[in-house]
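Student: Residues 873 to 1042 (the numbering used here) make up the sequence shown, in order. Virtual Cβ for every residue (Gly too), placed ideally from N, Cα, C. On a predicted model such as this, the values are computed, not experimentally measured, just so you know. Please find one structure pasted underneath; my questions will follow.
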Amino acid sequence: MSARTQKQQETYLMFPIGTIRRNGDEIHLEIDEAARPGLAQLDHFSHVMIFWWAEFFDNEESRAILQMEPPYAGGQLTGVFASRSPFRPNPVMMTTCKLLEVDEEQGILKVADIDAFDGTRIVDLKAYFPVCDRVKESHIPGWLSDWPEWMPENGVGLEEGEAEMAEALS
């Protein structure tokens, strides 16, 4: 067995810790009871990084897509690792969100916005630490030059096309 084939057969167990819930403009993270002790002191942070599983794209076909034209960069062919696409070998996604409220006892976190569908499973949370999680000097390709420098405080939400795709997938 080649080293590559052996590596491809490695597996890792990951367990969801909660669910993303959308109700109109409100977005809540419902954290499973077993994971709630991990929320201690999270309410002292302004932002949280949410790691979630793009389950609509967890299939052999989507996992095999390694290049595409991102919807935000028409006509530009990129690899998945140069994109924010949910088409990935492992559909693990991450969004940094403004943390609005934390109810540790009930396991409910209210966030400003997230680019995930209602019912999406959460696999991890990490407090946002500016010293570790931002870069002083960075750059992006010219074909993204019309993007803003910073994420708006209320996030960006699901684009119309993504909302239609979510409806079709559900």
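1) Look at the Cβ atom of Ala984, then the Cβ atom of Cys1004, and state whether they are nearer than 8 Å.
2) State buried or exposed for Val1007, treating a residue as buried only when at least 16 other CB atoms are found within 10 Å of its CB.
3) Is the beta carbon of Gln881 within less than 7 Å of some heavy atom of the ligand NAP?
4) Tell me whether Leu971 is buried or exposed, calling it buried when 16 or more other Cβ atoms sit within 10 Å of its Cβ.
5) Measuring straight from C-alpha to C-alpha, what distance separates Gly991 and His900?
6) Where does the unbroken beta strand (DSSP E) through Asp1005 begin, and where does it stop?
7) Contact defined as beta carbons within less than 8 Å: I believe Met921 pairs with Leu997. What is the distance between those atoms, to the nearest angstrom?
8) Alpha carbon to alpha carbon, what distance is there between Ala936 and Gly951?
9) When burial is assigned at 16 or more other CB atoms within 10 Å of the CB, is Pro958 buried or exposed?
10) I need the straight-line Cα distance from Phe928 to Arg960, nearest angstrom please.
11) Counting C-beta neighbours from all protein chains within 10 Å, is the total for Glu882 16 or more, i.e. buried, or is it exposed?
12) Once the 5 residues before and after Leu995 are set aside, which same chain residues still bring their CB inside 8 Å of it?
13) In terms of residues, what are the limits of the alpha helix (DSSP H) holding Glu933?
14) Please report how far the alpha carbon of Ser918 lies from the alpha carbon of Glu973, in whole angstroms.
15) Below 8 Å CB to CB, which residues in the same chain sit around Trp1022 once its five sequence neighbours on both sides are set aside?
Tutor: Judging by the given coordinates:
1) no
2) exposed
3) Annotation note on the ligand NAP: not contained in the displayed structure, which lists no ligands.
4) buried
5) 10 Å
6) Per DSSP, Asp1005 belongs to no beta strand (DSSP E); it is in the alpha helix (DSSP H), Pro1002 to Asp1005.
7) 7 Å
8) 12 Å
9) buried
10) 12 Å
11) exposed
12) The sequence given here places Val at residue 995; Leu does not occur at that position. So the list reads Met886, Phe887, Pro888, Ile889, Phe923, Trp924, Trp925 and Val964, once near-sequence residues are dropped.
13) Glu932 to Ala936
14) 10 Å
15) none
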